[in-house]
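Have a look at the structure below before the remarks.
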Amino acid sequence: MRALWLPVAVSTLAASCSRTPGAAATAPAPEALAAWLAVARAGCGRCHAAPTEAAMAPERGPDLREAVRWHRGDGGVAFLQRHHGGDDAPDLAAWLVSIGGRLPPAAGQHVSPAAFARGERLLGELGCQACHARAGLESLAARTDHRRLAAFLRDPAPHRPGVPHVRLEPAEADAVAAWLLRAQLTTTAPEPGFAWQCFERRIETAELPELEGLEPSASGVAPVIDASLGSREHHFALRFEAALDVPATGDWTFVCGSDDSSWLWIDDTLVVRNEGLAPHHREQGTVRLEAGRHEVRVVFTQAGGGRSLEVLWQGPGVDEQPLPAARATATRSVLVPPAPPAPPDAEAAARGLAAANARRCASCHAPADTGLAEPGPPPARAWSALRGGPCPQVPGAEAIWSAAVAAFAQPLDTAGALQLAMLRDGCLSCHVRDGRGGLPPVAKKGLAEVEDLGDEGRLPPDLTAVGRRLRPAWIEQVLAEGRSVRPYLRLRMPPVGAERAHQYAAWFDAVDGRPGDDDEVPFTAERAQLGQKLVSVGGRNCVTCHPFAGQKALGPQGMDLSIQHARLRPAWLREWLLEPNRLRPGTRMPALWTRGDAADRADVDAIAAWLSLGEAAPVPAGLAVPKGSYVLLPTDRPRLHGAFLKGLSARCVAVGTPERVHYAYDVAHARLAWIWRGAFLDAEGTWSGRAGKLLEPLGTDRVVLEDLGLSDASAAGTAAGADDREVLGRTMDADGHPHWRVRIGSAEIEDTLRPRLASGGSEFVRTIRVAKGTLHAHIAPTSGEARLDVSPAGTCDLQPGQSLEIVYRW
Amino acid sequence: MVNALCLLCLLLPQEPASPGPVPKAPAADEDVYVQIVDVPLPEHVVLEVGGLAVRGEDLFVCTRRGELWRIEGAETATPRCMLWAEGLQEPLGLLDHDGWLYCAQRGELSRLRDRDGDGVMDELETVASGWPLSGNYHEYCFGPALAADGTFWLTLNKPFGDEPFGRADWRGWAIRIAPGGTGRTGPYREFEPVCAGLRSPAGVGTAPDGSIFYTDNQGEWCATSKFAPLEVGDFHGHPWGIESCKLPESRVAFPGEVKSGLRIDEAARTIPNFRLPAVWIPYDLLGRSPAGFVWDTAGNFGPFRGQVFCGDQYSSEVFRMSLERVGGRWQGACYPFRRGLKSGITRVAWGSRGSLWCGLTNRGWGSLGAATYGLQRLVWRDVVPFDLLEVTARDDGFRLRFTLPVDAATASPAAFTVTSWTYDHHETYGCPPRELRPHAVDGARISADGSEVDLRVQDLVPTRVYELRCDGVRSRDGARPPWHGIAWYTRNAAPAGPR
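Each protein sequence line maps, in turn, to chains B and G.
Throughout the first sequence, residue numbering follows the numbering used here, covering 1 to 810 in sequence.
Throughout the second sequence, residue numbering follows the numbering used here, covering 811 to 1309 in sequence.
Right, here's the structure in full:
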């Protein structure tokens, strides 16, 4: 288990450290840091107040009522003894159990048999042992249950506020929790058929519901996969699992037919997706399987209306038929947690409360409604007055004190404060900075290498000079949200919360930053266009290894290009492109501009200009959407997609451009409705299953446009003017841009939008040409969030052949 | 196998409890007469076919993805696919007319052309629009079919629900559009709602006489799939959209409350303007989801000239139908023809060289053919099979015409089996055969040339489906058993007297 300690308020720690701008960082002595850390972890500041010791003010510990619920079995006696010492642990535990409320009895939790191996693998790949000792992890089985542990792994924040911890996806949390608690495993005897569970929940959409960690309403083993196992008529999900004995190696086709949706996985790979809130419909998928055992999993959802489910297979020597129970083996794995602690003895609990008050537990732990007294002022002497005697609450206090006295003589500077915080938050348990820290060998061993990138693709990034490399805002974002940007790294960044993230960003900037780090290359459209060519296939081929805006690279998957402008400080970016090996010896990033002359620097500036457009940069040539994806990626011409658009109408056309600005024309209402940037559209809702889903833009910066003030001049003053309009059709120009023909009253216009590259992302130039009648235009300077630059400006009447130009900037 | 089955049929008492399995010859036997030719497609060409139009050597294909492809040299060994247009909204029909391609999108009838001849569409005109959409996926729009009077006909699917843009009028209707009219929008004329009560009218087409027919898919208020003429003012049975009958534009009188559970003959008698189909297509005996159809007016398929060829989106087969006018109304029979296509068939069209294009997609529904989309064609091998050519009604029975002369010795009454049933008109999804019963055949008179056999059948009642099998009959030359030897005749009415 992770060493238990009480975190220190960053703000107060920061206040005690002097900033040394521009100065090279001088690392504090390791002994001094160790002493600071020891004082922080012991929580000396709970009782011993003093100016220097402001840094030691403890944060809140876990809520005691919540904490005790982690202790089935002995109610926490062993835990208290180990972590808080003293011989009053049984009394304290009795009191804690009395305030914790009754734990549910030891009901078994069914887990997927595949979860254990997956959990073990994840434990290694996520580098858990960077911080956790194996023994501590294993002890969890003696005290808690799967649902609680999985909930913690999904979202640790409510359980241990302020303690950085990675967040796992629900299925991962389920698997890791299963592995950690495997000592609780009770396995039912294998039997023919399919293990099934029913989950009662409202099914509103055709999409796959999250079932991990939910309590099933019914379960069993069935000879056939069937919708009738639902424990009620409507709104439930069924999950079937079994080991399937595949009789022969070859291509196997699986069919799911259902009302409503169904999915089928083989060995954790989705083979059939049959989504739709609709009468019985079928989808199928084919997968090559070796003869032998394969895990099959089927999920079925029922919303309202009729229900049906059939799962069939067909393969070498097997005609299409329902998955036979004779070839399916169900093994149900049940984790049975320890029994809840016995109801506490009232006297022991009363003694425990008294002990807790004496120990001043409330100075760290939430006291509300627990019977704990609010802690009074510290009864002990100020830190400066201490002379190193024993402490009644902290074993080994003398040693802590004597080390601290020496350390406190020299206040921490910014670099020291940063280093202490990184030790405290466990950063250096994974990362190296200035040659210190890094993963322990036991954790390194479990790491997986996803791409052929050597240690660069396995180990967390070296944080030496990270403040010069990354923009402070980026550091803040990564730390606050735990954002991971290296697709090849299985390790995950634990979030540290907004407050600390902000502090870290300032520290890294102060310690590592240099003047000129943020000098940007002036943007020009020409530079950006050259940059696009350079990153493309046929240029410097950056997209061979770097994805762009979620589109996969052609070879190994490095870091996405579209985030690099937001991420890297401009000076470092230029340096990095010119001399990657000097900045990171051994990197797989090739040195492509080795002359370092004016031409090389111009190339690098062009790439910087192109990168500055982020996700809205023109798409590099050579990229394509992967097989099976429905994402529309305009590369060499505009793409048109007719669809239902959410909030608009059932008759819309979305137009995407390679310049990465896109628009939606609401044909039913004859108006330009949306403009947006970046990624265009995922056509899955119109191109898969029975389709007809409401689509929304994939990209960013969507502007919902207000109507333009266009009307039929001849109908001025009549109600018919503005709303009597319709799309008459469209013509396509040689570049593939549509010209919308729209009738407004008795006038007709031709409405065209063309993208234009500009700093911060392309803009739209809209031309409205009058074809017939007289158009009255009165255009506001804004439409939604977009600024409009209109010429001719002001109110005007346009005759046939005349046009209006509007530039949309947003 | 086939012979053994025939023998069994002769020996066993004729009292089936249900229509029973059709003695289907393996698809390989069908290949003797009709070849399936697959069109190889590049990987990026996803032809989930919604519409087909043939223009010379080129085939135009619009897809459910909203693309319109031009396939150059489609019937040659090296077809070339070129994207001609995109951004259409689930276009489910295509018609070449007057130099334009007419195309039904969900919310409009459009026409498209390539003015500058550079090989891609550059002009799209909205011909008509204005029928509202609720946004439910099932509100498909099929067509157009061009009628003799120059009007374009579209069929509008009924939705499952009315989300998210609100319940829409005219769903489950056939509408027609007059070209170049003087409607509200200048040259763009409003549509005219002409027939109500459609369910999932996946095929709409033009008969040789210029009248319009459609296919409907089995489901609620549609006991089994059907093929019916569309005539102004008719109600085809599905009550989803009948409130629209009360709107002033409606050409269909409001049929009143439609009661669930009537026998189909009672429904036809009591519901105003109720139109019986020309052909009931018995569910699972002959496909499940009929879609596009064409008449073979050119004799592309040998002896079957004049008949209707229809694709089925589930069973991945093309079946045929023959029609006759009895009592002033169309009725007729359906017959198996060619199974084994690789995916569900949505559209069929005659190629310039006389083969039958089959446009395929099964996305969202599944089909017997396992491919999810594609393009195949049927090529007549110019070998005439021995089979039932056409069944027509006689006042006392049926006339069975054969493709080749029948061996008179085999054409005894015992060689034929007749079974009939009816359906309920109800809200439940589909309907099994009701009042299923065998009919005694007490006379079989063969014509002098041996090509026709008149059957006298006992206890004939109108408004029923008659299954006719001729398993015991053999051809005069070669003593061949019939190719399929089965027909389902929809006997809405009997001819007035002996012919």
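Backbone N, C-alpha and C define an ideal beta-carbon position, used for all residues, glycine too.
Candidates the options, of which the one nearest residue i by Cα
| i | options | result |
| --- | --- | --- |
| TRP1160/G | ASP839/G, GLU853/G, GLY861/G, PRO852/G | GLY861/G |
| ARG832/B | ARG743/B, VAL39/B, GLY709/B, VAL625/B | For chain B, the structure presents residues 1 to 810; residue 832/B sits outside this window and is missing. |
| VAL661/B | GLY482/B, ASP145/B, LEU613/B, ALA415/B | LEU613/B |
| ALA988/G | GLY976/G, ALA978/G, ASP972/G, LEU964/G | LEU964/G |
| PRO494/B | ASP452/B, ASN541/B, ASN581/B, HIS431/B | HIS431/B |
| ARG1149/G | GLY917/G, GLN1123/G, SER1285/G, GLY1137/G | GLN1123/G |
| VAL1201/G | GLU858/G, LEU1265/G, GLY897/G | LEU1265/G |
| THR301/B | LEU208/B, GLU499/B, ILE266/B | LEU208/B |
| THR249/B | VAL442/B, ALA94/B, ALA291/B | ALA291/B |
| ILE846/G | ARG921/G, VAL1216/G, LEU1185/G | LEU1185/G |
| ASP789/B | THR767/B, GLY801/B, ALA346/B | THR767/B |
| GLU310/B | ALA303/B, VAL318/B, VAL299/B | VAL299/B |
Close-in-space but distant-in-sequence residues of the same chain around residue i (CB under 7 Å, 5 per side omitted)
| i | result |
| --- | --- |
| GLN799/B | VAL770, THR774 |
| ALA1088/G | PHE1037, ALA1038, PRO1039, LEU1133, TRP1140, GLN1141, GLY1142, THR1300 |
| ARG671/B | ASP707 |
| GLY945/G | GLU973, PRO974, PHE975 |
Sequence-distant residues of the same chain with beta carbon closer than 6 Å to residue i, five excluded per side
| i | result |
| --- | --- |
| ASP797/B | ALA713, THR774, HIS776 |
| PRO190/B | THR329, THR331 |
| ILE99/B | ARG65, THR370 |
| LEU820/G | Interpretation of LEU820/G is limited by its pLDDT of 37, a score under 50 that renders its predicted location unreliable; no figure is taken from the coordinates. |
| ARG351/B | ASP91 |
| ALA173/B | ALA150, LEU153, ARG154 |
Residue i, buried or exposed, once every other Cβ within 10 Å from all chains shown has been counted against 16
| i | result |
| --- | --- |
| LEU757/B | buried |
| GLY866/G | exposed |
| PRO1195/G | buried |
| ALA107/B | exposed |
| TRP1293/G | buried |
| ASN274/B | buried |
| ASP959/G | exposed |
| PRO460/B | buried |
| LYS1056/G | exposed |
| ALA1033/G | buried |
| LYS627/B | exposed |
| ALA1289/G | exposed |
| ALA664/B | buried |
| THR144/B | buried |
| GLN321/B | exposed |
Cβ-based neighbour list, residue i, same chain, cut-off 8 Å, excluding 5 preceding and 5 following
| i | result |
| --- | --- |
| SER1060/G | PRO1003, ALA1006, SER1054 |
| ARG994/G | Reliability fails at ARG994/G, whose pLDDT of 44 lies under 50, so the model's placement of it is uncertain and the value that follows must be treated cautiously. Here the set comprises GLU1000. |
| HIS1249/G | VAL1228, THR1229, SER1230, VAL1267, GLN1268, ASP1269, LEU1270, TYR1276 |
Cross-strand partners of residue i (DSSP beta bridge)
| i | result |
| --- | --- |
| ARG1247/G | SER1230/G |
| TYR1310/G | Outside the shown range of chain G, which is 811 to 1309, sits residue 1310/G, and nothing can be said about it. |
| THR767/B | THR752/B, GLU805/B |
| ALA938/G | LEU919/G |
| GLU241/B | ALA195/B, ARG297/B |
| PHE1084/G | PHE1045/G |
| ILE266/B | THR269/B, VAL296/B |
| ARG977/G | None; ARG977/G has no bridge partner. |
| ALA1038/G | TYR1024/G |
Nearest-angstrom beta carbon gap, residue j and residue i [assumed within contact, 8 Å]
| i | j | result |
| --- | --- | --- |
| THR1300/G | GLY1142/G | 7 Å |
| THR253/B | GLY315/B | 7 Å |
| VAL856/G | TYR1183/G | 6 Å |
| ALA914/G | PHE870/G | Incorrect: roughly 14 Å between the Cβ atoms, too far for contact. |
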